[in-house]
Structure formats: C-alpha cells, structure tokens
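According to our numbering, the sequence shown holds residues 1 to 466 in order.
Glycine included, each C-beta is placed from N, C-alpha and C at the ideal position.
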Amino acid sequence: MIPLSLAQIARVTGGQLCHGDPDAVVSGEVVIDSRRAGPGGLFAAVAGERSDGHDFAAAAVAAGATAVLATRPVMVPSVLVADVPAALAALARSVVDALPAVRIAGITGSSGKTSTKDLAAQLVERLGPTIAPAGSYNNEFGHPLTVLRADAATRYLVLELSARGIGHIAYLCRVAPPRYGVVLNVGHAHAGEFGGLDQVARAKGELAEALPADGVAILNADDPRVLAMAGRTEARIVTFSSAPVSDAPVRAVDIRLDDLGRPSFTLLTPEGSAPVTLRLHGAHNVPNALAAAALARELGMDLDGIADGLGAAVARSRWRMEVHQRPDGVTVINDAYNANPESVRAAIDALAHLAQGGRAFAILGHMAELGGTSRASHEDIGEYAARIGDSGLAGLIAVGEEAAPLLDGARRVRSWTGEALAAPDGAAALELLANRLKPSDVVLVKASRAAHLEGVAAALEGEAGQ
Ligand SMILES: Nc1ncnc2c1ncn2[C@@H]1O[C@H](COP(=O)(O)OP(=O)(O)O)[C@@H](O)[C@H]1O
Ligand SMILES: [Mg+2]
1 MIPLSLAQIA RVTGGQLCHG DPDAVVSGEV VIDSRRAGPG GLFAAVAGER SDGHDFAAAA
61 VAAGATAVLA TRPVMVPSVL VADVPAALAA LARSVVDALP AVRIAGITGS SGKTSTKDLA
121 AQLVERLGPT IAPAGSYNNE FGHPLTVLRA DAATRYLVLE LSARGIGHIA YLCRVAPPRY
181 GVVLNVGHAH AGEFGGLDQV ARAKGELAEA LPADGVAILN ADDPRVLAMA GRTEARIVTF
241 SSAPVSDAPV RAVDIRLDDL GRPSFTLLTP EGSAPVTLRL HGAHNVPNAL AAAALARELG
301 MDLDGIADGL GAAVARSRWR MEVHQRPDGV TVINDAYNAN PESVRAAIDA LAHLAQGGRA
361 FAILGHMAEL GGTSRASHED IGEYAARIGD SGLAGLIAVG EEAAPLLDGA RRVRSWTGEA
421 LAAPDGAAAL ELLANRLKPS DVVLVKASRA AHLEGVAAAL EGEAGQ
C-alpha cells in the first residue's frame, strides 16, 4: 500500500478525522475483518448481517491499526465517512492515479473468473510484481481492498470483476480503470437477479465498454454473447477459442484429458505453437487457460513463457475442482465453492471423465439465485447427470429440499439405473454414501456457496484414513 496520512485519507474520502493525528500514516493493509487488522493498517468498519464492524474498532486499533474508517463515531482514531464502500473506492482510485505505470487487467464472466484470475496472475507474476486478489475478492469491498495493496513497486493488477446487476462492473472499472479486459462467458450465475441472459451479457459487456481505445478486449470466440461485445468497445479485439475450427488468434487444439481430468493441448498463437499440460482438473479450464494466455501475450510474454507458466500454475483458491484420491481407492472431487447450471455441467463432465473405470456419485446441493427458471434448471441438471457415461450416475444425492428437483429431472431418464436419493443435510448425505462406496468410485461434491458443502467434501476426503 502507498503510505497515506490520515489527513490525506480524510481529504480523498471527503471524510472527517476524529481523535486522530492528521500526520499519522497508514502504511499497512486495509481490511474489513478486524481480526486481520495489523500494524499500520486501516480497518474499514462495515455493518454486516450478524455483526457491526464498529463494535470491533477498538480491537482493531489495539491490534496495531492506525485508524478506522467508520460511518458513526468510535472512540479511536478514525475517519468518518457517509459510505464505506464509496470511501474505499475513492481511496483505491487515488492509488491507481498515483501509479500510472501499473497495467490493469480485469477479468469477468459467469463462471471461471477466479480460476482464470489465478492462472493469469501466475503468468503475469513472471513479468513483474503483480497484485491479484486472494480468492474471490471481486465486489465493491474486495475489489478496492485488492487495489489498495498496490504500491510503487507494483507493475500489474490482475483483477476479478463480479456483477449481480447492471452497472456493477462499470462501477468497478471506474475504481481501477482496466486497459485489458477479459470476458469468459455469459451464463446463468445470478441470472435470476439480472432477469435473463441478455441482461447478464449487458452487465458483463460493461467491461468491454470501459476499455480505452489503446486497450485490449480479450473475448471468448466460442460464446456468441461474448463475441458480440466486440461491437461495444473502442479497444482492439483479441479472441480465443477451444473449438476445433476457429479463426481466433489464441487457440487450443488436440485437447485431451488424463485419467484425473487434467487437460493437455496444443496452444496456437500467431507466433507459433507449444504443448501445454495443466495441473488443474476439468476441460473447462482450457478456455480459462486460453484467456490467461491471451492476456499474458498482450503484456509481452513469449510463447514459451506462457506454455511453461500454464504448466506450472496450480490451483490457488480452494474448493474449485480439487481432486483427492483416498487410500482406499475412492476419488473425491471437491467443487463445493459455488454452483450454477454451467459450472455444474462442467463438474459433471469432469466426474464422468474421472469415473471411467468406476462408478460415479454426485452429492449436489441447490443452485441459488436462478429466479423463475430455478426448478426447470435443477431438473435439467438432474437429467444431464443421469445421462453421463454409459449408464449415468450410480447415485445422485440431492442435499436439502430446494435441491429435490434434481432428482425429478434424473428420474425423467427412463433408461437410468442409478439411485435418486434425497438427504436433508450434509451429514445425511454422507450417511447415505457410506455403505455404498467401493474402491475406484468417484464422488463429486458441489452446491452454491450458501449450502456450505465443503464440509461434506472434507469429511469424505478424510474418511478411510489419510
Ligand atoms: N470456463 C468455465 N466454464 C464453465 N464452468 C467453469 C469454468 N471455469 C470454472 N467453472 C466451474 O465453476 C466453478 C467455479 O469456478 P471459479 O473460477 O471460482 O468461477 P467464478 O469465480 O466465476 O465463480 C469451478 O469449480 C467449475 O466447476
Ligand atoms: Mg470468483
């Protein structure tokens, strides 16, 4: 972080300094979790559903924070503002403006943002000091907090941009104006809140619109709604594709998956071709890798560096397609981070691939925020699961009442011989599975964040001795 005095912070945020020395300096991290407040930092107090950050203001200062950003008076050094996210945005923007040499990339899409951000960051870090968010720090809080970590040594910002409505991405792009914008796909994540896929496309395309004329829009040529964003930007367009036939400059051909679903492919660019083998699991990581490659290429990385970097990149964020092989021969796919129709399909495809020598089981929770299409979407996913491989899943376990339509969908497949099982909660799902699993079976665990199925996955991974 660039050191900022409390007087500067008050000026940038339009806030009022209370109980503080105007010359006291914030040089440590800006955090919204008081437990993470540390020496020289700034604690932004936010009123959440369960607790109010203002109650922890004193604790944050006791832990070393220089001051607190607050919306109501607290008894410690503080800057009082009307709106904390807006204040964080203003601070982040002032940091960006003070660092004109930093090249900023934004990544958006309905699925794969974090995976792509992690891949891209691991490439770009090879070019110079890079700041990228941990996990999914991608909204009006996480985004400015990430940007605020930049300092004079930073050369690149690789940012994940999320939207739950129109205008959200435009807002994040004003906080840290990207010159490079990556759009992965337009899918059903949060489609209920948006009101349909066209609205999702409108929202994600705000990234393309925000790019300057000397910027680069990196677009997925395999998604027509993404490709159409080419018409909404002044920036130069660079496309990527994993289709067998395409005129995109950055492509993957000869895509293969190993036994654990790790893709290898030939990376084609205008400069030549190179073999790539990913350490990540699932075919859906091929477009993610291409997007990261196209970005790194625009930032000046050569083909060998890109291929090498992709092959070395690891999964940095938890619970996304983690594949765990148990000593008893059972394989667990922990993809419990989140779920929407496209990402569940991607995960079921990976499950089908991994289960070629055994039986496939899926523990699925419900997919949140789908709006009016929710029931039909769950039924379609259930049907999809019942059709994989030669005989579909051996068992589909739906966790919670809202996930029950998955089972109705699976039962629509007359030829399906697997079991449709309802579990009220994760513990019940584990119990149902316990006396069914045999060596060489593969289990997928996936649901929306709210279902917290990562505990189920962890329990499964830990069973049968480590
Ligand atoms: N390109 C993609 N297309 C479809 N599904 C994907 C893609 N990339 C990832 N996924 C699925 O979405 C899950 C979440 O991935 P993540 O990178 O965290 O996405 P996001 O940050 O957009 O929520 C993955 O575990 C996987 O199941
Ligand atoms: Mg994410």
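Query                                                                                                                                                                    : Result
Between Leu406 and Leu421, which are expected to be in contact by the criterion C-beta below 8 Å, what is the C-beta distance as a whole number of angstroms?            : Actually they do not touch by this definition, with Cβ atoms about 10 Å apart.
Is it buried or exposed for Ala132, if we count other Cβ within 10 angstroms and need 16 for buried?                                                                     : buried
So does His168 have its beta carbon nearer than 6 Å to some heavy atom of ligand 1?                                                                                      : no
Comparing the CB of Ser136 with every heavy atom of ligand 2, is any distance shorter than 6 Å?                                                                          : yes
Give the DSSP-derived three-state secondary structure of His324 in the structure shown.                                                                                  : strand
Any idea what DSSP makes of Ser51, helix, strand or coil?                                                                                                                : coil
Give the secondary structure of Arg412 by DSSP, where H, G and I count as helix, E and B as strand, and everything else as coil.                                         : coil
Look up Asn285 in the DSSP assignment and say whether it is helix, strand or coil.                                                                                       : helix
Under DSSP, the alpha helix (DSSP H) around Leu310 begins and ends at which residues?                                                                                    : Leu303 to Ala312
Would you tell me roughly how many angstroms separate the C-alpha atoms of Ala134 and Gly282, rounded to the nearest one?                                                : 22 Å
Do you know offhand how far Thr266's Cα is from Ser94's?                                                                                                                 : 42 Å
Below 8 Å on the Cβ atoms is my contact criterion, and I expect Val31 with Ala37 to pass it. Report the Cβ-Cβ distance as a whole number of Å.                           : 6 Å
Mind checking whether the beta-carbon of Lys511 lies closer than 6 Å to any heavy atom of ligand 2?                                                                      : Only positions 1 to 466 of the chain appear in the structure, and residue 511 is not among them; the question remains open.
Taking 6 Å as the line, does the beta carbon of Thr114 fall inside it for any heavy atom of ligand 2?                                                                    : yes
Since Gln16 is in the beta strand (DSSP E), which residue starts that stretch and which ends it?                                                                         : Gln16 to Cys18
For Pro263, count neighbouring C-beta atoms within 10 Å of its own C-beta (all shown protein chains included) and say buried if the count is 16 or more, exposed if not. : buried
Look at the alpha carbon of Leu4 and the alpha carbon of Ala189, and state the distance between them as a whole number of angstroms.                                     : 38 Å
Comparing the CB of Asp349 with every heavy atom of ligand 1, is any distance shorter than 6 Å?                                                                          : no
Can Val494 and Ala217 be called in contact, C-beta distance under 7 Å?                                                                                                   : Because the chain spans 1 through 466 in this model, residue 494 falls outside it and cannot be assessed.
Enumerate in chain order the residues of its own chain whose CB-to-CB distance from Pro77 is below 6 Å, with the five nearest sequence positions on each side excluded.  : His19, Gly20 and Ala67
Between the Cα of Ala163 and those of Ala394, Thr154, Ser136 and Thr130, spot the shortest distance and give me the residue it belongs to.                               : Ser136
Using 10 angstroms around the beta-carbon of Ser242, count the other beta-carbons present and answer buried if the total reaches 16, otherwise exposed.                  : buried
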